[in-house]
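Notes for the one structure printed next.
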Ligand code: NAD
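Following this line, the structure appears as structure tokens:
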């Protein structure tokens, strides 16, 4: 397939490289980074999409997605597809899809879970919003870049699934860190607590797979001085997207709001920027009750 790929950063670079390695003709564009091996370099976003049957975007925010869509949609032919894999707000996903559809271009929002490691290994999970027939045409590409793909519903449903998942993740990681900090202050050994919780009703992905305690459970960013992994500022971005969505939809999400506030303090005032999101544990350990 002829693919245009815009946004070749930490995630987009390895995703585009995997598509090229699988035999697709990938033309890439990024404002600041080089194209990876096997990907043809375009001089502009429009150049990257001109011959493409599918255009994939992997960009930092909804505002940038809107801006890039305004550049590339006029250069795309009717019957082609715009597939955005960035994590953005539901409204931007729906607006861009509507603009594409008005030009006869199919659109999907297809954010991912699995991080930079999953992007490199081709084991991402895609959560997708858009028409089933458009989804069917892009499925072979999802199968190259990932190991699981779920069609969640109409335009915006992929972003809705992503922000709900990450709201659960942010809340459970904070709860996990609070509990291990409490255990420490009660003199309870962290390895013993892990042994209990990982097979008990308190278990979760945050405990079992991503334990925030160095030397306990599987190897995680905690064992690498909390280098990301999944950076705290990206968790903050996702929690803010969830709060914006909750405000717009009239949903009551008090723990989501509190998680967003805690990650905001951590990132903006407590040295959390650039650290893994599980570095909430040393933050709690260093604080007194209250
Ligand atoms: P990144 O900052 O490494 O990459 C984004 C790239 O977009 C950059 O290289 C930047 O130069 C490029 N860019 C920005 N504006 C552009 C424009 N107008 N035209 C062309 N290129 C432009 O970010 P990332 O970690 O690759 O994340 C990309 C998206 O994936 C984000 O929405 C993020 O929330 C999401 N995501 C990231 C992870 C992760 O672990 N990094 C996991 C899941 C989802």
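Numbering (my numbering), first residue to last: 349 to 638. Even glycine gets a Cβ: it sits at the ideal position worked out from N, Cα and C.
Asked                                                                                                               : Found
Near the ligand NAD: residue 359 beta-carbon under 7 Å from a heavy atom                                            : yes
Sub-8 Å separation of residue 504 and residue 457 beta-carbons                                                      : yes
Range of the contiguous beta strand (DSSP E) that encloses residue 495                                              : 494-501
Selection from 403, 492, 519 and 470 that minimises the alpha carbon distance to residue 625                        : 519
At least three beta-carbon pairs within less than 8 Å, the segment 470-478 to the segment 540-557                   : no
Length-filtered (4 minimum) alpha helix (DSSP H) runs lying within the segment 369-421                              : 393-397 and 410-420
Rounded separation between residue 419 and residue 502 - CA only                                                    : 24 Å
Same chain, Cβ closer than 6 Å to residue 581, neighbours up to 5 away in sequence not counted                      : 615 and 621
Proximity test, residue 470 beta-carbon vs the ligand NAD heavy atom, cut-off 7 Å                                   : no
Own chain residues within Cβ distance below 7 Å of residue 394, not counting five before or after                   : 419, 420 and 423
Coarse secondary structure for residue 519, derived from DSSP in three states                                       : helix
Which listed residue (404, 388, 571 and 631) has its alpha carbon closest to that of residue 486                    : 404
Near the ligand NAD: residue 551 beta-carbon under 7 Å from a heavy atom                                            : no
Option in 412, 565 and 461 with minimal Cα separation from residue 547                                              : 565
Residue from 596, 483, 380 and 613 whose Cα sits closest to the Cα of residue 438                                   : 596
Option in 560, 493 and 368 with minimal Cα separation from residue 539                                              : 560
Any C-beta of chain C under 8 Å from that of residue 551                                                            : Annotation note: the requested chain C is absent from the structure, which comprises a single protein chain.
Segment limits, alpha helix (DSSP H) that includes residue 595                                                      : 580-597
Beta carbon of residue 435 nearer than 8 Å to that of residue 586                                                   : yes
Distance between beta carbons of residue 367 and residue 482, contact taken as under 8 Å                            : That belief does not hold up - the Cβ atoms of residue 482 and residue 367 are roughly 18 Å apart, past 8 Å.
In DSSP terms, what residue 475 is bridged to                                                                       : 498
Cβ pair residue 373, residue 356 closer than 8 Å                                                                    : no
Euclidean distance between Cα positions of residue 412 and residue 444                                              : 11 Å
Within 8 Å, strictly: CB atoms of residue 359 and residue 531                                                       : no
Nearest-angstrom Cα separation, counted from residue 387 out to residue 364                                         : 7 Å
Closest Cα partner of residue 494 within the set 463, 371, 630 and 549                                              : 463
Paired residues, beta bridge with residue 432 - DSSP                                                                : 405 and 457
Sequence-distant residues of the same chain with beta carbon closer than 6 Å to residue 410, five excluded per side : 436, 437 and 440
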